[in-house]
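Peer 1:
Numbering (my numbering), first residue to last: 1 to 383.
1) My assumption, with CB atoms under 8 Å, is that residue 165 sits in contact with residue 187. Please give the rounded CB distance.
2) For the stretch 227–253, list the beta strand (DSSP E) runs that are entirely contained and at least 3 residues long, ordered along the chain.
3) Under 8 Å: do the stretch 241–255 and the stretch 267–278 share three or more Cβ pairs, one atom per stretch?
4) Measuring only the C-alpha atoms, how far is residue 109 from residue 68?
5) So the alpha helix (DSSP H) residue 379 belongs to, where does it begin and stop?
6) Based on DSSP bridge pairs, tell me the residues matched to residue 167.
7) Here's a check: name, in chain order, each residue in its chain whose Cβ is nearer than 8 Å to the Cβ of residue 83, leaving out the five neighbours to either side.
8) Could you round the C-beta distance between residue 115 and residue 29 to whole angstroms and report it? I think they count as a contact, below 8 Å.
9) So who's on the other strand from residue 199, going by DSSP bridges?
10) With a cut-off of 8 Å, do at least 3 Cβ pairs link the stretch 150–168 to the stretch 352–366?
11) Just to confirm my understanding: we take residue 333, look at its own chain, exclude 5 residues before and 5 after, and list those with CB closer than 6 Å. What are they?
12) Could you check whether residue 1 and residue 76 sit closer than 8 Å to each other, using their CB atoms as the reference points?
13) Straight-line CA distance for residue 312 to residue 335?
14) Given residue 3, which residues of its chain have a CB within under 7 Å of its CB, disregarding the five upstream and five downstream residues?
15) Would you be able to state if there are at least three C-beta pairs under 8 Å between the stretch 117–136 and the stretch 94–103?
16) By the DSSP assignment, the beta strand (DSSP E) with residue 360 in it spans what residues?
17) Compare the Cα-Cα distances from residue 56 to each of 44, 66 and 65 and report the closest residue.
18) Less than 8 Å between the C-beta atoms of residue 350 and residue 361, yes or no?
19) Measuring only between beta-carbons, confirm whether residue 335 sits less than 8 Å from chain B.
20) In the DSSP assignment, find the unbroken alpha helix (DSSP H) run with residue 79 in it and report its ends.
21) Given that a residue counts as buried once 16 or more other Cβ atoms are within 10 Å of its Cβ, and exposed if not, what is residue 144?
22) Given a cut-off of 8 Å on the beta-carbon distance, is the pair residue 136 and residue 207 in contact?
23) Of all the options 320, 324, 314 and 305, which has the alpha carbon lying nearest to the alpha carbon of residue 331?
24) Here's the rule I'm using: 16 or more other beta-carbon atoms within 10 Å means buried, otherwise exposed. How should residue 374 be labelled?
25) Would you identify the three-state DSSP class for residue 313, choosing helix, strand or coil?
26) In terms of residues, what are the limits of the beta strand (DSSP E) holding residue 136?
27) Starting from residue 145, follow the alpha helix (DSSP H) in both directions and report where the run begins and ends.
28) Given that a residue counts as buried once 16 or more other Cβ atoms are within 10 Å of its Cβ, and exposed if not, what is residue 231?
29) Taking the DSSP output, what are the residues bridged to residue 303?
30) Suppose you measure from the CA of residue 261 to the CA of residue 290; what does that come to, to the nearest Å?
31) Should residue 104 go down as buried or exposed, given a rule of 16 or more other Cβ atoms within 10 Å for buried?
32) Would residue 189 and residue 259 be called neighbours here (beta carbons separated by less than 8 Å)?
33) Which residues in the same chain as residue 282 place their Cβ atom closer than 8 Å to its Cβ, once the five residues preceding and following it in sequence are excluded?
34) Which value, in whole angstroms, describes the spacing of the CA atoms of residue 329 and residue 11?
35) Where do the N-terminal and C-terminal ends of the alpha helix (DSSP H) with residue 277 fall, by residue?
36) Can you tell me which of the three DSSP states residue 372 falls into?
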């Protein structure tokens with residue numbers, strides 16, 4: 001292999017694939033990055049066997065070749081180089097890479113590419129396209145609600161349902177549920193509907209890789225629903241899909257409510273964050289009291305309070321429009337803060353039934369672009 005490329009391009013390419021490099025593994029070669037020439041470009045790829053990320057950068061290729069190099073060593077060295085041309089050479093007889101840039105040079109030992117796991121290529125299956133802004137919004141509002149522990153693998157994933165030009169993302173960790181319904185850039189072809197579970201981590205990586213892309217993101221799901229590939233500008237991510245049955249999340253969304261309160265998102269979030277300071281030493285509990293005005297039932301307030309037995313307590317007050325009776329409910333402060341944080345500016349609605357029933361939080365006004373629902377299980381407290 002003999003080629004040259006710009007330091008900033010190689011550094012950027014390595015940062016793209018770095019997140020797919022295995023950290024703890026029984027297969028040491030997955031801690032390497034695959035370097036290969038591909039149609040007068042330089043291909044970089046990494047995999048931890050769950051996800052694989054490939055990217056291509058411009059290069060002047062004089063001799064074809066392929067090799068794998070320890071990812072961490074290569075990334076740190078390239079990052080330390082000046083922003084000038086890098087010359088790369090490898091000798092088939094000595095497995096390694098010679099790198100020269102300005103007045104710096106190094107030799108990094110590598111391994112034969114034949115020992116590297118095959119990077120999956122999803123060429124057939126159901127293809128869909130979604131605009132970057134819509135996909136980014138959907139991931140931001142859903143992925144954080146997925147479980148992080150592997151005790152129930154399906155809950156570490158996001159349930160994806162596609163029908164026509166509509167898609168739904170749903171994630172739950174046993175304490176909360178987030179559901180986002182949006183529109184594809186165009187209806188999917190050759191299938192009436194499609195369902196699969198993709199690891200939340202994979203979608204978070206897709207979100208990171210979208211960057212400033214303007215063209216729709218293309219995704220392909222294999223007919224066996226075993227893998228999905230997301231294709232972005234000069235980057236491809238392939239993820240294994242999670243096999244199993246996702247809970248029927250539609251049954252978890254309350255159909256009715258006794259009290260509905262609408263408040264400014266920023267004010268509600270500020271009161272919740274303030275209460276979280278005391279909640280840290282009080283089992284993370286934030287109490288919500290909704291009280292209508294005695295003279296005008298549509299006007300009222302939300303009292304957000306918390307207390308730490310040995311340290312103190314606090315109360316924050318937020319103006320709100322109230323529909324229904326006075327209500328009390330308690331939430332985990334992190335869960336409440338998380339959902340208010342992703343709802344953005346504007347007004348949010350909270351719907352409750354009883355102190356022991358789930359609360360529903362959603363944007364107060366319907367959107368023409370998406371529909372979002374978040375369900376949070378209550379915490380049981382002494383009032």
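Every residue gets a Cβ at the ideal spot worked out from N, C-alpha and C, and that includes glycine.
Peer 2: Once the coordinates are examined:
1) 4 Å
2) 227–232 and 235–240
3) no
4) 9 Å
5) That residue, residue 379, is in no alpha helix (DSSP H); it is neither H nor E in DSSP.
6) 162 and 182
7) 6, 7 and 8
8) 5 Å
9) 157
10) no
11) 276, 279, 284 and 286
12) no
13) 22 Å
14) 37, 42, 59, 60, 61, 62 and 88
15) no
16) 359–363
17) 44
18) yes
19) Absent from the structure is chain B; it holds one protein chain and no more.
20) 71–80
21) buried
22) yes
23) 305
24) buried
25) strand
26) Per DSSP, residue 136 belongs to no beta strand (DSSP E); it is in the alpha helix (DSSP H), 132–142.
27) Careful: residue 145 lies outside any alpha helix (DSSP H) and carries neither H nor E.
28) buried
29) 289 and 317
30) 8 Å
31) exposed
32) no
33) 306, 307, 308 and 309
34) 50 Å
35) 265–279
36) strand
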